[in-house]
Amino acid sequence: MQEVERISAADMGLTDEQMIENGGRGAAMMCLQALGGSRRIQPNNHNAAPIVVILAGNNRTGAYALCAARHLSNHGCVVLAFVAGSNHEGQLNSMVAFQSRGFLAAGGEMIHTIAELPQSSSPVDLIMDGMLGYQYTVRDIVDSYERETVCDLMDWANDNKAPVLSLDMPSGVNGTTGQGDKTKFCVRPKWTLCLGAPKAGCRSRSTTGELFLTDLGIPRACWKKAGVKGWGMPWGADFLVGLEYL
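Each residue of the sequence shown is one higher than the last, beginning at 24 in the working numbering.
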């Protein structure tokens with residue numbers, strides 16, 4: 024998938040920013056459906072707005088999550104986001120910093136400590152896990168404080184009663200093998216949304232929950248150029264589709 028993304032950017036003119044925007048919108052669409060769609064979220068609805076917590080990594084997956092957070096805020100959700108990196112913008116991944124600014128401009132709220140996360144007395148409707156995705160594991164995090172924060176956020180998500188949507192892979196699960204990365208920490212999602220293509224590690228409903236796939240806008244020719252065989256574009260008229268385990 025990384026090679027396909029590289030070819031898209033280098034040879035096909037599809038920028039990282041475009042892919043993140045497409046994937047973030049798809050993730051937001053998935054969240055809005057899970058929250059009840061137009062039955063619950065509409066301009067004239069006087070009920071309390073749904074509360075969504077975004078757990079984002081200081082990486083590309085986190086940028087997708089924060090892009091989704093902006094769309095959710097624009098569509099009437101109360102959105103709280105926690106970036107498991109630094110609370111100093113200069114130390115953030117450039118894509119994460121860019122998406123953070125857009126999220127805040129849309130009226131979202133950024134939180135910086137575990138203590139600020141909603142507790143059991145303040146119910147949450149949905150949690151998005153965008154901390155590690157399929158490219159990273161807990162062991163890849165060099166900074167000890169950031170690594171500890173990610174593990175604490177995994178615990179918080181698992182202890183919360185709200186359903187979890189993971190992006191690409193549940194944080195703590197190896198994106199290739201589908202196994203935990205030999206730590207006790209692993210997010211347990213109700214759904215996993217694959218970005219652009221199914222991931223090899225999505226092998227068991229007990230680990231990755233219900234599977235969905237969203238379109239990043241990657242041209243068909245990229246898959247052929249990357250040497251991917253047997254991959255047919257499943258979209259049809261949809262940008263978000265359900266997947267089944269083999």
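Ideal Cβ positions, reconstructed from N, Cα and C, are used throughout, including at glycine.
Extent of the continuous beta strand (DSSP E) to which residue i belongs
{"i": "GLY214", "result": "Here residue 214 is Trp; the residue named in the question, Gly, does not match the sequence. From DSSP, the beta strand (DSSP E) with TRP214 extends over 214-218."}
{"i": "ILE150", "result": "149-153"}
{"i": "SER189", "result": "187-190"}
Residue i, DSSP secondary structure in three states
{"i": "ASP166", "result": "coil"}
{"i": "LEU236", "result": "strand"}
{"i": "ALA128", "result": "helix"}
{"i": "LEU266", "result": "coil"}
{"i": "GLY203", "result": "strand"}
{"i": "VAL161", "result": "helix"}
{"i": "VAL196", "result": "strand"}
{"i": "SER145", "result": "coil"}
{"i": "ASP175", "result": "helix"}
{"i": "ALA260", "result": "coil"}
N- and C-terminal bounds of the alpha helix (DSSP H) containing residue i
{"i": "ILE43", "result": "39-57"}
{"i": "GLY85", "result": "83-97"}
{"i": "SER31", "result": "25-34"}
{"i": "ARG228", "result": "228-231"}
{"i": "LYS184", "result": "Premise fails: LYS184 is in no alpha helix (DSSP H) and is neither H nor E."}
{"i": "ALA244", "result": "243-248"}
is_contact[residue i, chain D] using C-beta, thresh 8 Å
{"i": "GLY130", "result": "Looking for chain D here will not work: only one protein chain is present."}
Which residues DSSP lists as bridging residue i, in chain order
{"i": "PHE105", "result": "LEU78, ILE134"}
Buried or exposed by the 16-neighbour rule on C-beta atoms within 10 Å, applied to residue i
{"i": "PRO73", "result": "buried"}
{"i": "ALA244", "result": "exposed"}
{"i": "GLY232", "result": "buried"}
{"i": "ARG162", "result": "exposed"}
{"i": "HIS69", "result": "exposed"}
{"i": "GLN142", "result": "exposed"}
{"i": "LYS184", "result": "exposed"}
Contact between the region 256-268 and the region 183-200 is defined here as three or more beta-carbon pairs at a separation below 8 Å; is this criterion met? With the cut-off at 8 Å, the region 256-268 and the region 183-200 do not touch.
Mind the definition here: the region 120-134 touches the region 160-172 only if three or more C-beta pairs lie below 8 Å; say whether that holds. Because the criterion of three Cβ pairs below 8 Å is not met, the region 120-134 and the region 160-172 do not touch.
Evaluate the contact criterion for the region 57-64 versus the region 81-94: three or more CB pairs, one atom per stretch, below 8 Å. Output reads no: the region 81-94 does not touch the region 57-64.
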